[in-house]
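Colleague:
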Amino acid sequence: MELVWLTNQIRKVLKLPQINLKKSSINLSKKPLRSKYYSKNSAQCLFSLCRFFLKPNPFSSHFSLTCLSGSVLLSCLLFGIAHADTEWSHERELYNKARAALNKKQINQYNKYLTQLTEYPLYQYLVYNELRTRLSRSNDEEIDAYITAYSDGPLARRLRLAWLSQLQRKGRSESFLKYYQDEQSASLQCYYLNTKIRNHQFEENKQQFLNQVRDLWLIGKSQPTQCDPLFKWYEDQGYLTTEQVWERFYLAMDKNRPGLAKYVAKKLPTSEQSTAKVWLEVHSSPKNKIRSKSLLKDNHLNRQIVRHGLKRLARKDLTSAHNVWLDIQEDYAFGSDLHDEVERNLALRAAYRHDERATAWMYQLPKDLVDPSTGMWRARSALRSLDWDLVLRGIAMLNEVEKAEPQWQYWKARAFSEKGLQLEAKLIYEKIANERSYYGFLAADKLSVPYNIVDEPVQYNVQELEKIEQTPSIVRARELLLVNQLTDARREWNHATQNYSPRQYQISASLAHQWGWHDYAIRTIAKGEYFDDLGIRFPTPFTTQVNKYSTKRSLEPAFIFGIIRRESAFNPQARSPVGARGLMQLMPATAKQVSRQLKIKAPSRYDLNTPGLNINLGSKYIRDMLKKFNGHRALASAAYNAGPHRVNAWLPEKNELPADVWVDTIPFTETREYVRAILAYTAMFEWKLDQTPTRLSVHLQPIPPSPKS
């Protein structure tokens, strides 16, 4: 009855005709769940019904069923979300107090709070944290009890791994073997195998055991110290062969880890250590050492050293590397594999550097030597030289899957157009102009037709949403977000969704979007392979800050939104492997430089997680890049990602270059994809903000030659 009443209220507010709810996808006969854990109440039902009634207008970001006002929709959303946030508000407060008490080692106070939280979804986190504080004094029974009780979430595995490390430190081998599973940690793997040796438990499957040790050895990086005793045993027992030592040496050198290679070389026979020394010298100084007298003899090791040296030299001095190759290739019996590897590497390096010899070298490579990446760079080298016949030839040499990709269909049409085959070009442009993508938009520009942007939200019924919403790990993820344990929230979400079907991913993405967890909504909808829910994929949080600083910098808000979408997917806490932080992924050094220009206090790394500050600094930096590159958005975007010094190096040397060609011949895959994404996302956010998308061609004016030329 509660749902029927709500339905009537919505119908009255929206002035809708009577709807036969029995035929709808919402099962109104189902009794609402009222349990403490998963209550379904009027607010949540109101939200679901609002979503059910609203039908998106494909030509606008507004909803167009009758005259639904934004305030009605906003009330619907806020009422449901506000209730979800307050449902456990008292327990949430106690939980935070319990955490604080535990951190202060106020155990009596902690226990007082704990007894009031036994039904709270995050109870197990308190127990886990308390166990971790006294792990060295715990016992197998406590650990077993926790793992058994909470096996439905990620904490059980985390505790088991922590317990394994504790057992390892204490030398409790028998218990370690009991808890050990096939782990990814090299440290635990090595300790496990060492334990097997000490307990004489490896003889039964000895070859399998030795293979495991060998696989840990044959890694091109340093392994944990826990592996040292294992490797010593392996060597002392005579299992470590000279071939295995050389193989690890190769791996270390190819990974640019000369320190490890130097250590490994000590295990070679004395007669071969001098060869390893020469290799290390060639690695550090290829131009001076690659013609060393020690390399005059033609043998397998010297051929490997020359190959490695040429690869290193080509990165620094392509012409010298090519000249050396021409001089010495007849002096060694390289064999087809090594010979072809050197030829391919030189050709690719020329293509990356936009060397004028690249096209000839790339198209001289034998067909069986060209992998997908090389094949695409072959076509790109022809693009850079504007040789449209070779572009068509390069595309024709791609495999069928690659040929059909919008990228290469677009370039096929461009080549046809440049050759005067306008009808053939038009047919291809028409085929891809309907796509909502960078190349689809470029094709639409060529045809002077509107961009095909249609929003098709994920459709689901209440039962489907409830099933996901009530999953224990999803419940915990929501609570963890509300108590600001973001890393734990991600772990719970990943645990819950790891085996989802595409349909489940789509619905769970809708749920994350309702929560305002935009980066995970975007990530999850992508896993569901559904790209037409534009509300989920292109949200507009932080609107106040974006509008403020885009106005201050004379930038379009859609451009800033596009950068944020690509950089962090709207996650203020985002941090890259190299240390970039926040919504616009600023490096701390860049942030300090910009803050000096703005005459504000230099931010700490953690300050960069503040949305307003991050957008302030990021918008100033992109404005500086636009100024540096005369307002050219593609160049400025590339500079924001890779640095202005690299963009200067990528400029054409003599004549101006079509901007679409320049973008697609950027040497860095990340930057190439980044620029395309920024341009396309900006158009999407213009549409989202009820603006007519600016054509990409407006931002793709010809690229002028480098001022150094």
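The sequence shown begins at 32 in this note's numbering and counts up one residue at a time.
Glycine is no exception: its CB is placed at the ideal position from the N, C-alpha and C atoms.
(1) Let me check one thing: in DSSP terms, what residues is leucine 688 bridge-paired to?
(2) Where lysine 328 and glutamine 335 are concerned, what is the direct C-alpha to C-alpha distance, given to the nearest angstrom?
(3) Kindly provide the ranges of any alpha helix (DSSP H) runs that are 4 or more residues long and lie completely inside the stretch 678-726, ordered along the chain.
(4) Who are arginine 606's beta bridge partners in DSSP?
(5) Give the straight-line distance between the Cα atoms of tyrosine 705 and glycine 547, rounded to the nearest whole angstrom.
(6) Can you give me the Cβ contacts of isoleucine 653 inside the same chain, cut-off strictly under 6 angstroms, excluding the 5 residues immediately before and after it?
(7) Do arginine 664 and leucine 617 have their C-beta atoms within less than 8 angstroms of each other?
(8) For isoleucine 228, collect the residues of the same chain with a Cβ closer than 7 angstroms to its Cβ; drop the 5 residues on either side in sequence, then sort them by chain order.
(9) Please return the same chain residues whose Cβ sits closer than 7 angstroms to the Cβ of histidine 353, not counting the five positions on each side in sequence.
(10) Within a Cβ cutoff of 7 angstroms, which residues of the same chain sit near alanine 113, ignoring the five residues on either side of it in sequence?
(11) Using a Cβ distance threshold of 8 angstroms, determine whether the stretch 486-502 contacts the stretch 446-465, with at least three qualifying pairs required.
(12) Is the beta carbon of phenylalanine 590 sitting closer than 8 angstroms to the one on isoleucine 646?
(13) Decide yes or no for the touch test of the stretch 240-260 against the stretch 287-295: beta carbon pairs closer than 8 angstroms, at least 3 of them.
(14) So within the stretch 369-443, which uninterrupted alpha helix (DSSP H) runs reach at least 4 residues, ignoring any that extend past its ends?
(15) When we look at the beta-carbon of tyrosine 712 and count the other beta-carbons within 10 Å, is it buried (16 or more) or exposed?
(16) Pull up the DSSP beta-bridge partners for leucine 617, would you.
(17) Answer yes or no: does any C-beta atom of chain C fall closer than 8 angstroms to that of glutamine 197?
(18) So what's glutamine 453 in DSSP terms, helix, strand or just coil?
(19) Just the C-alpha distance for proline 588 and methionine 284, rounded to the nearest angstrom, thanks.
(20) Given this structure, state the Cα-to-Cα distance separating serine 667 from tyrosine 181, to the nearest angstrom.
(21) Rounded to the nearest angstrom, what separates tyrosine 363 and leucine 379 at their Cα positions?
(22) The alpha helix (DSSP H) that contains serine 574, what's its start and end?
(23) Roughly how many angstroms lie between the CA atoms of tyrosine 223 and glutamate 278, to the nearest whole one?
(24) To which residues of the same chain is tryptophan 194 closer than 8 angstroms at the C-beta, ignoring the five residues directly before and after it?
(25) Could you check the C-alpha separation between serine 479 and leucine 192 for me, to the nearest Å?
(26) Do you know offhand how far alanine 680's Cα is from serine 448's?
(27) Please identify the residue among Asp564, Thr518, Gln516 whose C-alpha is closest to the C-alpha of serine 539.
(28) Any idea what DSSP makes of glycine 290, helix, strand or coil?
(29) Determine the direct distance from the alpha carbon of serine 650 to that of arginine 123, and round the result to whole angstroms.
(30) Report the rounded CA-to-CA distance for valine 432 versus glutamine 438, giving the unit in angstroms.
(31) Are the beta-carbon atoms belonging to isoleucine 359 and leucine 344 less than 8 angstroms from one another?
(32) Spell out a yes or no on whether the stretch 528-539 and the stretch 497-506 are touching, meaning 3 or more CB-CB pairs, one atom from each, closer than 8 angstroms.
(33) Return the residue from the list Met656, Ala690, Val692 that minimises the CA-CA distance to proline 675.
(34) CA-CA distance, tyrosine 383 and glutamate 372?
(35) Where arginine 726 and phenylalanine 660 are concerned, what is the direct C-alpha to C-alpha distance, given to the nearest angstrom?
(36) Could you check how far apart the C-beta atoms of alanine 410 and tryptophan 392 are, in whole angstroms? I think they sit under 8 angstroms.
Modeller: Short version:
(1) Ile734
(2) 12 angstroms
(3) Listed in chain order, they are 690-695, 700-719.
(4) The partner list for arginine 606 (beta bridge, DSSP) reads Arg612.
(5) 25 angstroms
(6) Tyr671
(7) No, the Cβ-Cβ distance between arginine 664 and leucine 617 is not below 8 angstroms.
(8) Trp264
(9) Leu377
(10) Because the pLDDT at alanine 113 is just 47, under 50, the model does not fix this residue reliably, and the value given afterwards should be weighed accordingly. Correct list: empty, nothing qualifies.
(11) Short answer: they don't touch.
(12) no
(13) A contact exists between the stretch 240-260 and the stretch 287-295.
(14) 389-395, 403-415, 419-427, 431-434
(15) Flag for tyrosine 712 reads buried.
(16) Arg612
(17) Considering every chain present, this structure includes no chain C. It has just one protein chain.
(18) helix
(19) 47 angstroms
(20) Sequence check: residue 667 is alanine here, not serine. Between alanine 667 and tyrosine 181, the C-alpha separation is close to 50 angstroms.
(21) 22 angstroms
(22) Before going further, note that residue 574 is threonine rather than serine in the sequence given. 574-583 is the extent of the alpha helix (DSSP H) around threonine 574.
(23) 24 angstroms
(24) Leu166, Ser169, Ile174, Tyr210
(25) One C-alpha to the other measures close to 59 angstroms.
(26) 29 angstroms
(27) Asp564
(28) helix
(29) When rounded, the separation of the alpha-carbon atoms in arginine 123 and serine 650 is 37 angstroms.
(30) 11 angstroms
(31) Between isoleucine 359 and leucine 344, the gap from beta carbon to beta carbon reaches 8 angstroms or more.
(32) yes
(33) Met656
(34) 16 angstroms
(35) Computed Cα separation, rounded: 20 angstroms.
(36) Alanine 410 to tryptophan 392, Cβ: 14 angstroms. No contact.
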